[in-house]
Every structure is written in structure tokens, then in C-alpha cells.
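Take a look at the structure set out below.
Numbering (the numbering used here), first residue to last: 56 to 358.
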């Protein structure tokens, strides 16, 4: 009679089977379904909702049509807008501001540092919907907190979501994601041996010189990790929809919002699925680049 062992291969498969079924049902199957739908003219209403026709690459050709590619409200315009949004809010905003705050935390009292970390974590774990509606109330023209502050200081009111919608979502996403970058860089700076900075203090180095010659070179790998992660997150973020709904006049319609409009407002599931496939391919490029950087870093550490 065979003895039962928790370390046997069969036991491992049994424990992994439920997770595998869930992944297959909610990740793998929808992935291939979206690819299939992107080659059809499936819609939410009408005959094609039940019996769609196979249209080949027609949906992809419509996305990359040179005649309309750069027209506002089309795929090309949304792609360019998304790239600008990611560069400004993630690379320039979250990464740079997060690093600056993390570096400043290295020279403050521990009690203030712990308080700042607690507040940052609190801001990071709040649901995005709550954050979006809080920012909507902050930027509202009639009763927004920002306009009340402007009036108290003697400045005129501003219709921020109508006059500066793109910059509004850039600032919103920067504020939303800076906490993550700050915490990551703070941990990276804290892992550097204090003796390095003490020796620099003895030599009379300024804060900028210590950052340039000691801090930044030693956390360069963390910088790459942070940039890739926040780039992927910002590329797929949908929360700005709660502030502007993609408007006015498609001026804030980044790719996730564009996909939502095509699929669930225009009911063109086929074209919406094609957009989703293109976005997945872009994310795949980011992921492969991330793995390549991590492998190079691992080889450098091993060497």
C-alpha cells in the first residue's frame, strides 16, 4: 500500500488545480476570446451580436488608417495622448517627485519620517474611485476647494476640468502614484550603508553631491524597476474617466477610455477588442523590456 505524502507531485497538482482553473477561466480564456472577437464585427446590439461575421484584419486596418490616424477621437490621437500622459505623470511626475521626497526623508527626524510614510501608504491604499471623486470635488468650478482657496487669496476662479483637462488628469495621476515611488526609493536609500554618507559628510559633500555620487548610482536598478512599473500602470489607468469622461472634445481620452467608448458606448466589440489586443502587445513590450533589464541586473550582481 502506497504511503501518502504531502510532498508528492500528485498532492502539489491537487493543491494547484483550483488556482489553475480560476486562471484559465478568468485570464487565459478571456485573453483568447478577445483576440478572436478582434477579427469579427461583433456588436452589442443587432444581428452581429448573436451571429458576427469574420472580417479578418479590417478592425486593425481601421485603427491604423492613415487618413484618420491623427484625428482627435481616433486611435492614433489617443495613443499619442496616452504617451504624453505617461511621460508627464509617470516618468516626470511620479518617479522624479517620489525620488525627491524619498531623498528628503533621509535627513528628517525618524518620527517625522514614520509619519510621512504612514500618510503616503494611506494615500496609496485608498480606492481609486474615492480618490477620483475627492479630486473632482477639489477641482469643481462652483464649490471646489481649489477655487475657494483661489478666491481667499484674491485670485479668480478657474474651470480646471474644462480649461485644463489634460493637465488636471496629469496632476491627478502624479499625486496618485507618487506615494508608491516614494516608498520604493525610500526603502532603496535606507538599504545603503550609513557609513557611505558619513564619509561624504566628513569630506564636506553637499546633499546634491551625495545624491549624485552615492545615492543615485546605488539605487539605479530600483529606478528602472519603478519606471517600468509606473509606466505600465499609467498606460492602463482608467480612473481619469471619473474626472473628465475623456472630454471635453476627446482632449483627455487616453487609450483605456478610448477602448471603453468604442466597445461599450459605440457597441463595436470587434474594434474595441482590436484596441485591447494592441494595448496588450504594447504591455508585452514593456514586460519583455522589464525582464531583459532584470536579467542584465542579475547577471551584473552575479559577476
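No residue lacks a Cβ here, since even glycine has one placed at the ideal position from N, Cα and C.
Since the structure is predicted, the reported quantities are computational estimates derived from the model, not experimental observations.
Here residue 107 has 95, 96, 97 as same chain residues with Cβ atoms under 6 angstroms from its own Cβ, once five neighbours each way along the sequence are excluded.
Each of 92, 232, 269 was checked against the Cα of residue 248, and the nearest Cα belongs to 269. With respect to residue 279, residue 228 sits apart: the two C-beta atoms are not nearer than 8 angstroms. Of 105, 136, 342, 75, the smallest CA-CA separation from residue 306 is found for 136. A residue is called buried once 16 or more other Cβ atoms fall within 10 Å of its Cβ, and residue 203, having fewer, is exposed. DSSP links residue 95 through a beta bridge to 109. Relative to residue 352, the option among 262, 171, 275, 199 whose CA is nearest is 275. The way I'd put it, the stretch 179-186 doesn't touch the stretch 198-212; fewer than three beta-carbon pairs between them come closer than 8 angstroms.
Shown here for residue 327: same chain residues with a beta carbon closer than 7 angstroms to its own, the five before and five after excluded, namely 314, 317, 318 in chain order. Of the residues 154, 238, 294, the one whose Cα lies closest to the Cα of residue 263 is 154. Secondary-structure assignment with DSSP links residue 323 through a beta bridge to 98.
Counting only runs of at least 4 residues, the stretch 196-247 fully encloses the following alpha helix (DSSP H) elements, listed from N- to C-terminal order: 200-207, 215-218, 220-245.
The distance from the Cβ of residue 141 to that of residue 290 is about 5 angstroms, consistent with a contact at the 8 angstroms cut-off. Going by beta carbons, residue 99 and residue 266 fall outside the 8 angstroms limit. Between residue 242 and residue 285, the C-beta gap is not smaller than 8 angstroms, which leaves the two residues out of contact.
For residue 151, the enclosing alpha helix (DSSP H) starts and ends at 151-160.
The residues 264, 265, 268, 269, in chain order, have a CB closer than 8 angstroms to that of residue 255 in the same chain once the five nearest residues on each side in sequence are set aside.
Less than 8 angstroms separates the beta-carbon of residue 220 from that of residue 303.
Each residue's CA atom was taken as its position, placing residue 129 and residue 194 some 28 angstroms apart. Per DSSP, the unbroken alpha helix (DSSP H) holding residue 174 starts and ends at 165-180. Annotation for residue 299: the continuous alpha helix (DSSP H) segment containing it runs 296-299. Excluding residues up to 5 positions away in sequence, 160 lie with their Cβ nearer than 7 angstroms to the Cβ of residue 171 in the same chain. Rounded to whole angstroms, the gap between the alpha carbons of residue 321 and residue 272 is 50 angstroms. In the structure shown, residue 281 adopts helical secondary structure according to DSSP, grouped into three states.
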